[in-house]
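Working notes for the structure below.
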Amino acid sequence: MSDSLLVVIAGLGLPGLLPALAVARRSPALVFVAPLIGAGLAAIAAGLELAVGGSLLPWYAGVAITVNVATLIFWLVARRSARLQALKGTGSAAGSSLTWSMLTVVVVLGAMVAPLTGLRAGITGYDTTAIWLTHALMVAGGHHVLLSGLQNPVYLSSNPDYPPLVPAAGALAFALAGQGHLHVAVGVTVLLSACALGVGGVGVAAIGIGGRPVTRVVALAAGAAQCLAGFAVAGIYGIDGHADLLWSAAAAAAIVWGLVLPQSTQALGLAWVCAAVAGLTKNEGLTTALVVLVLIAIRYRPLTLPRLRRTGLRASQGSLSMLAWPGLRLWAERAAFVAVPALPGLAWAGLARHIGLHDAFFRSRSTQSVPYRAAATMSSMAAHLTIAPLAIAVLVAGCCLVRHDRDGGRLGNPAWLWAAGLLATAILFATYVFGSPEIHWWLHTSVLRTTIFPQLLLYTDVAAWLVIAFGALTGPVPIPPGGAWHVTDAAPVTARAGG
Amino acid sequence: MNVACTVRANGEDTSGGWPATTRRRQLGRRIGAALIVGAAATALGLSVHHGVQVTAAAVAPASIAEWTTFDSQQACLYRAIRSELPKGARVYIADPDHFDAQRLAELSTQWAVPQPGLATSQWVISVDRGHACSGISLRVRGA
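Top line first, the protein sequences correspond to chains A and C.
Just so you know, we're using the numbering used here here: the first sequence kicks off at 1 and counts up by one.
Just so you know, we're using the numbering used here here: the second sequence kicks off at 500 and counts up by one.
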């Protein structure tokens, strides 16, 4: 099976390589993001197969060629303009020496070898059979099989509106490895999860850039540990073909690159790709991606009241267009920051509703009261978030003691990460409370998987603070010699205004 | 936060080149940072340890044997559906076991068309105990 898996990952990674190079540039994340981009292209192809007709492979080839040609054109245009210089100037969040890049890839990949040996067991999860392999066979069957299959009431319990990334990657696996090799599709899902964790792990390792070599080594170890923690949190669901680790890891990686690391076009691009992957993987991935993208939009295009006031003043002086234009442009940019990366996921959701597909969770009104469901959900989710108290303690200690080191590294305020985690978890909580299935059965069968994202995010925050605190331990003493000392956060404030 | 201290003017101890309050603050900051590193490393370490245990359980010989059997059952049922039913056959899945019914629905996909009721179906399929597929076999009968 390993040979077939390599062929499929190459089939996903090669079409994604050029776009990945454009987004990640010299970052070690390149290795991990290329197969994710390939899987995203396959998902878009599956959407076109459903919407227009035909079969997956021609659409996949068409989408891959279009995106690669567009990337080449972008490069050629950018090379002739000063834009490339600007990109070079700003895209250095994880820009590092080739040695460090290669070392990062080797360490992060090497760390994930251990959990990936679980693939030897050939485990196939219940949802893997009921949802993902079933949908993959539908996608592999072409437009008619896909459309009639998703609309068939027999398959209603398979949540036919679920996004197509995992089924499309599975269908591609069948095309490359043979129809009967169902477990290759399971392996592809697991490897894509590992890639998403890898992008996040490289992001955590990038926090150490700018520190002393020993800090960079610790950051590398923290990144690798964060990948392993992802597999540990997911448990058996990480290696049995469930899609929950994939969307959770992709969303967490989007947060690391978009809300934790310093602002740059490179970090923004990687965050967008990861958010798009999360949105194309599962419904809860799409809602989480939207939350993350809105926060990224606000971080990169801050809501600045003084600017509005100034604009308003100008308008009151008679220039109405001056009032509208800068404000409108900013809001248009924020909207584009959300809509562009979320477009594939939103388009699938719209298409699914258009052809009458719905999930199995909101079909009818539950007979259980809202407070009853809320209490059950609270207790069940809390049981899986045991890392939360320690993460809160680390957050408080970090903010009190090494906040300046975080600001000095131009890292995002920890409030961004926590806001993303809390909002996404609140949406998940509301889904359980207002959904229709019997709450105890529903929680029993799913809460272990749905809490992978908040758990992984908490481990990510803990890993980030570890790197920052270690940097503070080993870094230069931030006090000028001579007895008198002057501590100022003027520079970090400047960074924070944008970050 | 802009803090300017002129500690020498206050006559504080500046032995070693640093005022005592600064040294205390530095020490406190370093101890705090060390505690953060320790707590975070412990949390990540425990999680990694848990992950190792999960993987070890997954690749235990008993687990591998169980899932190898399941995989061969799946492949066998997949082939049996395609050899015993014509393409496009309308089938009714009449299996009392929810899991077996689910896997038949999955493995029929792309070849047969599962029907919600008996009335519209041509064949009835279920999983029986048997030897054809590692302890089970596909049962096909006319509707």
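Beta carbons are placed, not taken as given, at the ideal position from N, Cα and C, and that holds for glycine.
| query | result |
| --- | --- |
| Boundaries of the beta strand (DSSP E) in which ILE624 of chain C is found, first to last residue | 622 to 632 |
| Within chain A, partners of THR554 of chain C - CB distance below 7 Å | ALA114, PRO115, THR117, GLY118 |
| Any chain C beta carbon closer than 7 Å to TRP348 of chain A | no |
| Expected contact under 8 Å - CB spacing of LEU606 of chain C and GLN573 of chain C to nearest Å | 7 Å |
| C-beta neighbour in chain A for GLN573 of chain C, strict 7 Å | yes |
| Three-way DSSP call (helix, strand, coil) for LEU544 of chain A in this model | Since the first residue of chain A shown is 1 and the last is 499, residue 544 of chain A is not available in this structure. |
| For ARG353 of chain A, the nearest candidate out of A:PHE337, A:ASN283, A:VAL186, A:ILE392 (CA to CA) | A:ASN283 |
| Cβ-based neighbour list, LEU17 of chain A, same chain, cut-off 7 Å, excluding 5 preceding and 5 following | ALA34 |
| Length of the line joining the Cα atoms of ALA93 of chain A and ARG410 of chain A | At ALA93 of chain A, the pLDDT of 45 sits below 50, so the modelled position is not reliable; the number obtained from the coordinates is stated separately. Taking the straight line from one Cα to the other gives about 10 Å. |
| Close-in-space but distant-in-sequence residues of the same chain around LEU385 of chain A (CB under 8 Å, 5 per side omitted) | THR451, PRO454, GLN455, LEU458 |
| Selection of the segment 458 to 470 of chain A by Cβ proximity to chain C, strictly under 7 Å | TYR459, VAL462, ALA463, TRP465, LEU466, ALA469, PHE470 |
| Identified DSSP bridge partners for PRO28 of chain A | According to DSSP, which records beta bridges pairwise, PRO28 of chain A is partnered with nothing at all. |
| Min CB distance ASP570 of chain C to chain A below 7 Å | yes |
| For TYR577 of chain C and LEU603 of chain C, the rounded distance between their alpha carbons | 8 Å |
| For LEU637 of chain C, the three-state DSSP class (helix, strand or coil) | strand |
| Cut-off 6 Å between Cβ atoms - residues of its own chain near SER625 of chain C, not counting five sequence neighbours on either side | ALA593, ASP594, ARG638 |
| TYR155 of chain A (DSSP reduced to helix, strand or coil) | helix |
| Own chain partners of GLY198 of chain A with C-beta closer than 6 Å, once the 5 adjacent residues on each side are dropped | PHE32, VAL108 |
| CB contact below 7 Å: PHE536 of chain A versus chain C | With chain A running from 1 to 499 in the structure shown, residue 536 of chain A is simply not present. |
| Span separating the alpha-carbon of VAL139 of chain A from that of ILE530 of chain C | 57 Å |
| Where ARG212 of chain A falls: helix, strand or coil (DSSP) | coil |
| Inter-residue CB distance, VAL184 of chain A and ALA173 of chain A (contact presumed, cutoff 8 Å) | 5 Å |
| Span separating the alpha-carbon of VAL447 of chain A from that of ALA542 of chain C | 21 Å |
| Beta-carbon contacts of THR431 of chain A that lie in its chain and below 8 Å, excluding the five residues immediately before and after | GLU284, PHE361 |
| Three or more C-beta pairs below 8 Å linking the segment 209 to 222 of chain A and the segment 156 to 164 of chain A | no |
| Straight-line gap, ILE239 of chain A to GLY53 of chain A (C-alpha atoms, nearest Å) | 33 Å |
| First through last residue of the beta strand (DSSP E) which encompasses ILE239 of chain A | It is not in any beta strand (DSSP E) - ILE239 of chain A carries neither H nor E in the DSSP assignment. |
| Where the beta strand (DSSP E) through TYR591 of chain C begins and ends | 589 to 592 |
| Cutoff 7 Å: TYR643 of chain C Cβ touching any chain A Cβ | Because chain C spans 500 through 642 in this model, residue 643 of chain C falls outside it and cannot be assessed. |
| Partner residues on chain C for TYR162 of chain A, Cβ-Cβ distance less than 8 Å | Those do not exist, as TYR162 of chain A stays about 14 Å from chain C at its closest Cβ, beyond 8 Å. |
| VAL338 of chain A versus GLY587 of chain C: straight-line alpha-carbon distance, rounded | 43 Å |
| Cutoff 7 Å: VAL338 of chain A Cβ touching any chain C Cβ | no |
| Three-state class that DSSP yields for PRO454 of chain A in the structure shown | helix |
| Buried or exposed (CB count within 10 angstroms, at least 16 for buried), TRP331 of chain A | exposed |
| Which listed residue (A:SER366, A:ALA24, A:VAL292, A:ALA347) has its alpha carbon closest to that of ALA415 of chain A | A:VAL292 |
| Chain A contact for TRP566 of chain C (CB, 7 Å cutoff) | yes |
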